[in-house]
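Data first, discussion second: the structure below is written as structure tokens.
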Amino acid sequence: MIDNNISAGLIQISTPVLCVCREFRGDYMKSSEYVSEVAEYLDQKGLPYLEKQIVGIYYDNPADTPEQDLRSWQGVLVGEYLEVEKPYFIYRIEGEYVSVKSKGDPAEIIGRAYETLFRYIHENDIRTQSREGIQIMRMTDNQFEIQLLMKVA
0 MIDNNISAGL
10 IQISTPVLCV
20 CREFRGDYMK
30 SSEYVSEVAE
40 YLDQKGLPYL
50 EKQIVGIYYD
60 NPADTPEQDL
70 RSWQGVLVGE
80 YLEVEKPYFI
90 YRIEGEYVSV
100 KSKGDPAEII
110 GRAYETLFRY
120 IHENDIRTQS
130 REGIQIMRMT
140 DNQFEIQLLM
150 KVA
């Protein structure tokens, strides 16, 4: 099924997208709580971040990994490099990626967006560097924009 609300393609990210993240273990459905923890840390330190722009890097498939063992990095996008303390760290997104973009309710579109991502990779015989999916979510004009990325090998 073709979804006109979802677009896929290859992109080159030349100017790094910078994120402050922290590693978490547990239910992916709690990712908003994890992101809030990162934002609260930055607020406490007086460090700026981009409002309503979050990132999640997901390492495990929830269909075959116990909930307590699911690994992810969660965080927020920042406009410049920041010095942060452990367990927080800076994650840079740059290089060539398979990208899928979609707008709408995340609960309704995320599954279709991942299906589109994996289908595009398969149909175009693209080798990716690793299996983790990077998920960037931005809130603009009261609408969510989701971008999924997988780095090309």
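Using numbering that gives the first Met the number 0, the first residue of the sequence shown is number 0, and each one after it goes up by one. Don't be surprised by glycine CBs; every beta carbon is placed ideally from N, CA and C.
Inset, instruction - For the alpha helix (DSSP H) containing LEU116, list its first residue and its last residue. - result: 105–122
Inset, instruction - Look up GLN142 in the DSSP assignment and say whether it is helix, strand or coil. - result: Of the three classes helix, strand and coil, the one that applies to GLN142 here is strand, per DSSP.
Inset, instruction - Confirm, please, whether the CB-CB distance from VAL34 to GLN73 is below 7 Å. - result: yes
Legend entry - Whole beta strand (DSSP E) elements within the region 58–108, 3-residue minimum: 70–77 and 87–102
Legend entry - Own chain, CB closer than 7 Å to ILE1, minus 5 neighbours either side, in chain order: Caution applies to ILE1, whose pLDDT of 48 falls short of 50 and renders its modelled position unreliable; the value that the coordinates give is listed next. Correct list: empty, nothing qualifies.
Inset, instruction - Note down the Cα distance separating ALA112 from GLY103, rounded to an integer number of angstroms. - result: 11 Å
Legend entry - Cβ pair VAL97, ILE125 closer than 7 Å: Contact: yes.
Legend entry - Host beta strand (DSSP E) of SER6 (start-end): 5–24
Inset, instruction - Examine the Cβ distances between the region 112–121 and the region 32–50 and report whether three or more of them are shorter than 8 Å. - result: no
Inset, instruction - Report the residue from MET149, ILE145 and PHE88 whose alpha carbon sits nearest the alpha carbon of VAL77. - result: Minimum Cα distance to VAL77 is reached at PHE88.
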